[in-house]
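Below is one structure, written out as structure tokens; the observations come after it.
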Amino acid sequence: MKLLVFIQFEDGKINRMSLEALACAQKYSTSVTAVTFYEKAANELKNYELEEVLLLKNNNLNTYNPLFYTEAMHTIYKEDYKALLFAHTYETRDWVPRLSARLNVPFLSDCIDFKVTNELAEVTRQTYQGKLNNNLVPKTNFLCSIQSGCFKIDTLKNGTSVINSTDIDLNNVPNTISTEEKFKDQKGGVDLTAAELIVSVGRGIGKEENIPIAQELKEVLNAELGSSRPIVDYGWLPHDRQIGSSGQVVSPKLYFSLGVSGAIQHQVGMKGSDNIMAINKDENAPIFEIADYAIVGDLLEIVPALIKKIKEN
Amino acid sequence: MKICVLVKQVPDKDSDIKVENNENKISNQNLNFITNDSDNYAVEEALLLKENHGGEVVICTFGEESATQVIKDSLSKGADRGIFIHNDLNKEFDILNISKIIKNVLEKENFDLILSGLQSDDIGNGQLGVLLAEHLNMSHGSLVMETKMDSTEKIKVKRELENGWFQWATLDLPASITIQSGINKPRYASLRGIMMMKRKTIDTVKLTELNAAIDEQLTLKELYAPIKSKKTEKINGSSQEIADRIFTILKEDLMLL
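Taken in sequence, the protein lines are chains A and B. Counting in the working numbering, the first sequence runs from 13 upward without gaps. Counting in the working numbering, the second sequence runs from 317 upward without gaps.
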């Protein structure tokens, strides 16, 4: 099955998740093409075992713009490519639906598995915040984005591939979206990525007045404090505490979550932790699927008892 | 300014989601349905834009009969009218087909802005706003955390990127914008708002009466609860017993104390 993998390139390097998508494609096909808009990326990609590396060139592709990206890929799209694979990044979420509509082929986003058996592709998507999995079989060509961490880069096969470079005409693309330089809101915000131990707060903490309970646990454990998205949305903790796809991606020795349900967007940011301990009232919370230690119970009773125990010892 | 907000009715996040026996669909029993979380923020942003720049806010949803409730809830908060696209086939469609159905209804309206929540809490495709931008020849911005309107032709949006990065983009109108949760503080409906809602119009369009070109390109082979691959220690007992066990794990197994 002929597969085309789009390689995202930013800050001078290939996006790690794009290489995971490439590893996925190599696992199921011997006919993989990688496509990029950047010469530097192409020069790296030619060292993998690929049918070819497509380098699309146009000055309008030097910085991200969804309209130019969409048209460039529309221009080179061929029916032979049974599936186009992408990393499930924020950039992909911004422009690939547009490509789906333009090509009239479905886009299966945020897939956790992709496989090909007897030339038939099957993908797995999570729904209901990770409570269910859907196995889907496309009847036509399709686009597919792969969730972070589902395929391993160390399985990438090396080789020597050719770069085929093409100049793309994008003169007819309307200039209706213009972007400015990216920036960070909080200078000197806390960096959770190096933390050994993280106590993380979710909706299950109930109300803002309960936040100090988590803070005290964090103090006695000498940990960092993290949170899920809703806690930041409510304004209970600042944005730089947020863990997940829109926040930080962490991998501490212990991730201790208090009332975090574990929606997909949160799991993406912490599933690489060495150990996950979770307290939640809801026994069906998706966090328990990935927890090493599962506690179904009332964190408002358990945590104070634990703090007391640690202090006594 | 004419603003459309796309809202979706979804099961409450804490719902116990179960698959019907041997059928690839979820059981609707014991489910509590609400407006999708990020859609509430989109409704609020539309109401704020209307308050500051004038215009009309139209709420649109695609769903089964019960979904009119999410339109009513938004009308009670101050939106002006509703468009209900009734899925009278009671069938599930993939997001590309849904976008074509909605496009069919919205194209006559010539909206200046379409707002939607960035992602639904049930199926979670996170694509509808961008798909519609392409179908309706609009500009778009996704994962938006702030909007600014300094002219009648353009809107500025602050987009959220990964790892705490942001970016401002300027979009020509008409534009479709997907709203990230936390952009504002969604209001509650007032009693007066609920009374006024009863006099507002909701136009119903039936899917079976629409000439939407639906071609099903996906087959759902299996729907199931994920199979656990990790070994998990379940810690039971009284709060004190649990605390004692956690203490032992922290101290002896993980050596963190």
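By construction, the Cβ of each residue, glycine as well, lies at the ideal position given by its N, Cα and C atoms.
Opposite residue i in the DSSP bridges: which residues?
i: I387/B; result: None, per the DSSP bridge assignment.
i: D125/A; result: T136/A
i: E64/A; result: T45/A
i: S212/A; result: G238/A and S269/A
i: E538/B; result: N147/A
i: D177/A; result: The question names Asp, but residue 177/A in the sequence shown is Ser. According to DSSP, S177/A bridges with L67/A.
i: W481/B; result: K196/A
i: N292/A; result: V308/A
i: F409/B; result: DSSP, once it has assigned bridges, lists no residue as partnering F409/B.
i: I401/B; result: F378/B and V521/B
i: N55/A; result: DSSP lists no partner for N55/A.
i: A491/B; result: L429/B and S455/B
i: E476/B; result: F482/B
Mapping the DSSP letters down to three states, classify residue i as helix, strand or coil.
i: Q20/A; result: coil
i: T104/A; result: helix
i: F154/A; result: strand
i: R110/A; result: helix
i: D330/B; result: coil
i: N356/B; result: helix
i: G498/B; result: coil
i: E380/B; result: coil
i: S392/B; result: helix
i: M461/B; result: strand
i: K25/A; result: strand
i: A95/A; result: strand
i: E372/B; result: strand
i: Q435/B; result: coil
i: V335/B; result: strand
i: L79/A; result: helix
i: R115/A; result: Strictly speaking, residue 115/A in this sequence is Leu, with Arg absent from that position. In this structure, L115/A counts as helix in the three-state DSSP scheme.
i: I217/A; result: helix
i: T188/A; result: coil
i: N72/A; result: helix
i: N170/A; result: strand
i: L15/A; result: strand
i: L448/B; result: helix
Would you decide whether residue i is buried or exposed? Buried here means 16 or more other CB atoms lie within 10 Å of its CB.
i: V174/A; result: exposed
i: R515/B; result: exposed
i: P186/A; result: exposed
i: Q279/A; result: buried
i: G370/B; result: exposed
i: L452/B; result: buried
i: K143/A; result: buried
i: N426/B; result: exposed
i: M511/B; result: exposed
i: S545/B; result: exposed
i: G247/A; result: exposed
i: Q345/B; result: exposed
i: L120/A; result: buried
i: L405/B; result: exposed
i: A133/A; result: buried
i: F195/A; result: exposed
i: P224/A; result: exposed
i: Y357/B; result: buried
In the DSSP assignment, find the unbroken alpha helix (DSSP H) run with residue i in it and report its ends.
i: T524/B; result: No alpha helix (DSSP H) contains T524/B, which DSSP labels as neither H nor E.
i: T468/B; result: Run containing T468/B: none; DSSP gives neither H nor E here.
i: D560/B; result: S555 to T564
i: Y305/A; result: Element bounds for Y305/A: not the alpha helix (DSSP H) but the beta strand (DSSP E), Y305 to V308.
i: M513/B; result: L507 to M513
i: R28/A; result: R28 to Y40
i: A226/A; result: I223 to L233
i: G201/A; result: No alpha helix (DSSP H) holds G201/A; DSSP gives it neither H nor E.
i: I551/B; result: Here I551/B belongs to no alpha helix (DSSP H), and DSSP marks it neither H nor E.
Can you tell me where the beta strand (DSSP E) with residue i in it begins and where it stops?
i: I319/B; result: K318 to L322
i: E610/B; result: No statement about residue 610/B is possible, as the shown extent of chain B runs from 317 to 573 and does not include it.
i: I276/A; result: Segment I276 to Q279 is the alpha helix (DSSP H) holding I276/A; no beta strand (DSSP E) there.
i: I299/A; result: Run containing I299/A: none in the beta strand (DSSP E); it sits in the alpha helix (DSSP H), I299 to I302.
i: I350/B; result: F349 to T351
Could you say if the segment 538-546 of chain B and the segment 333-345 of chain B meet the contact criterion of at least three C-beta pairs nearer than 8 Å?
Yes, since at least three Cβ pairs between the segment 538-546 of chain B and the segment 333-345 of chain B fall closer than 8 Å, the two stretches touch.
When you compare the segment 483-500 of chain B with the segment 419-439 of chain B, are there three or more beta-carbon pairs, one atom per stretch, that lie closer than 8 Å?
yes
For the segment 398-419 of chain B, which residues have a CB atom closer than 8 Å to at least one CB atom of chain D, in sequence order?
Within the model displayed, chain D is absent; protein chains A and B are what it includes.
Does the segment 161-178 of chain A come close enough to the segment 60-73 of chain A to have 3 or more Cβ pairs within less than 8 Å?
yes
With a threshold of 8 Å, are at least 3 pairs of Cβ atoms found where one atom belongs to the segment 272-286 of chain A and the other to the segment 514-532 of chain B?
no
Indicate whether the contact test is met: 3 or more Cβ pairs, each with one atom in the segment 393-407 of chain B and one in the segment 79-90 of chain A, closer than 8 Å.
The segment 393-407 of chain B vs the segment 79-90 of chain A: no contact.
Is the segment 436-452 of chain B close to the segment 306-315 of chain A, with three or more CB pairs under 8 Å?
Taking a contact to require three or more Cβ pairs closer than 8 Å, the segment 436-452 of chain B and the segment 306-315 of chain A do not qualify as touching.
So does the segment 99-116 of chain A actually touch the segment 259-267 of chain A, counting three or more Cβ pairs closer than 8 Å?
no
Taking contact to mean 3 or more Cβ pairs, one atom from each stretch, closer than 8 Å, check whether the segment 204-221 of chain A and the segment 234-254 of chain A are in contact.
yes
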